[in-house]
Amino acid sequence: MHIHKIVLPTPYAIGDVNAFLVKGDALTLFDAGPKTAQAYEALKQGIQEAGYELQDIEQVVLTHHHPDHAGWVDAFPKAEILGHRYVDYWMRQTTEFLQYRECFYRQQLEQENVPQEDIARILDAREELELFGTRPLTQFIQDGDEVPGHPGLIAHETLGHAQSHLMFVEQHTGQAIGGDLLLEKVSSNPLVEPPVDLQGERPKSLLQYNASLKKLQQMDISTLYTGHGEAVTDIKPLVTARLTKQHERAMYVLQLMEEHRNVYDLTKALFGKTYAKQPGLTLSETLGQLDYLVEEGYARSEMQNGVEIYIPA
Ligand SMILES: [Zn+2]
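For the sequence shown, UniProt numbering gives the first residue as 1, with consecutive numbering after it.
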């Protein structure tokens, strides 16, 4: 497939985000940048450089719901909007969903022993929610589905970084649009998010993420077009490097457990001042390492007075 890459600015620490214009039987935009004026201009210009106008886009396909990828679905009022069904909650932002989200995070953060004032700050994400698009999906994509208008381009559910994450692989060429599954320069964060069915247990994002990386490693992919930075061609060694580094980080968390026993204390010990700047991200990272340590039998956890305590096994 012929892929036209469009680089868009974001207000986030990660920097620029990529969108991809692909002409098949349909003209499809994969991901749409954050809903900022700067990203809109860059998106419009990128589409024009490929010889099209915004209104020519027939469908927008989303790799996941995060605002740096899914904001400007609003720029395409006539296009079909496709993605994982979980994306739809974040586009619609119904009162019911926003309440569930708030309860989910409050309960989770209390279990992590995060102070109440920090919980209030994390939950007050109104600014962040404004960068999301607001167009509901017109079609859901599931694992194994072929993208309409692109024969042979298959969706693969690859959860972990997001509970809506899909990658798209063109089988006969090995070209793939990978969202944030594997990035060239940085490791992808296993963010804590409410479960897809809005009930039941918290998804263990890092364990899901590792499973998705292993799935990627077994695929025959020639070029992986990533959500940030340059495309990756040598996928297998990069996946191995990411998994090794994650294991080492978990072993460090295990050492810290000699002195610190809950997610909040461990996060402060692990990240220092970065915690204050990015509390949600750093807490997610620590919790992920703890899930890994429990899963692999290095540690166990128990509830004490409403706080989850971790103990070396
Ligand atoms: Zn991203």
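We put the beta carbon where it would ideally sit given N, CA and C, even for glycine.
Coarse secondary structure for residue i, derived from DSSP in three states
i	result
Met251	helix
Lys78	coil
residue 324	One cannot answer for residue 324 here, as it falls past the ends of the chain, which runs 1 to 313.
Gly178	strand
Met303	strand
Phe30	strand
Glu295	helix
Lys35	coil
Leu21	strand
Tyr52	coil
Gly83	strand
Glu285	helix
His64	coil
Val186	coil
Glu308	strand
His2	coil
Gln59	strand
Residue i to residue j span [Cα, whole Å]
i	j	result
Val263	Gly200	21 Å
Leu274	Leu283	With the sequence shown as reference, residue 274 is identified as Thr, and Leu is not the correct amino acid for it. Going by the C-alpha atoms only, they are around 11 Å apart.
Gln163	Val196	7 Å
Glu49	Val232	24 Å
Ala250	Leu270	11 Å
Gly24	Gly149	6 Å
Tyr252	Leu62	35 Å
Tyr292	Glu193	17 Å
Ser205	Glu112	16 Å
Met219	Asn305	45 Å
Glu128	Ile3	30 Å
Ile122	Tyr100	15 Å
Ser212	Glu285	17 Å
Arg261	Arg202	20 Å
Gly297	Ala313	7 Å
Leu109	Pro115	8 Å
Glu41	Asn210	36 Å
Point to revise | Residues near ligand 1, criterion Cβ-heavy atom distance below 7 Å | key: The answer, residue by residue, is Ile14, Val17, His66, Asp68, His69, Asp180, Gly227 and His228.
Review point. If we count Cβ pairs, one from each stretch, closer than 8 Å, do we get three or more for the stretch 105-120 versus the stretch 76-87?
Key: No, they do not touch.
Exercise for review: For the stretch 190-274, list the alpha helix (DSSP H) runs that are entirely contained and at least 4 residues long, ordered along the chain.
Suggested key: Correct list: 205-218, 235-256 and 263-271.
Point to revise | Contained beta strand (DSSP E) runs [length at least 3] in the stretch 129-184, N- to C-terminal order | key: Those beta strand (DSSP E) runs which fall completely within the stretch 129-184 and span 3+ residues are 153-157, 166-170 and 175-179.
Review point. Quick check: the stretch 169-176 against the stretch 133-141, are there 3 or more CB pairs under 8 Å?
Key: Because the criterion of three Cβ pairs below 8 Å is not met, the stretch 169-176 and the stretch 133-141 do not touch.
Check your understanding: How do the stretch 152-171 and the stretch 63-71 stand: do at least 3 beta-carbon pairs fall below 8 Å, yes or no?
Key -> Two segments are said to touch when three or more pairs of C-beta atoms, one from each, lie closer than 8 Å; by this definition the stretch 152-171 touches the stretch 63-71.
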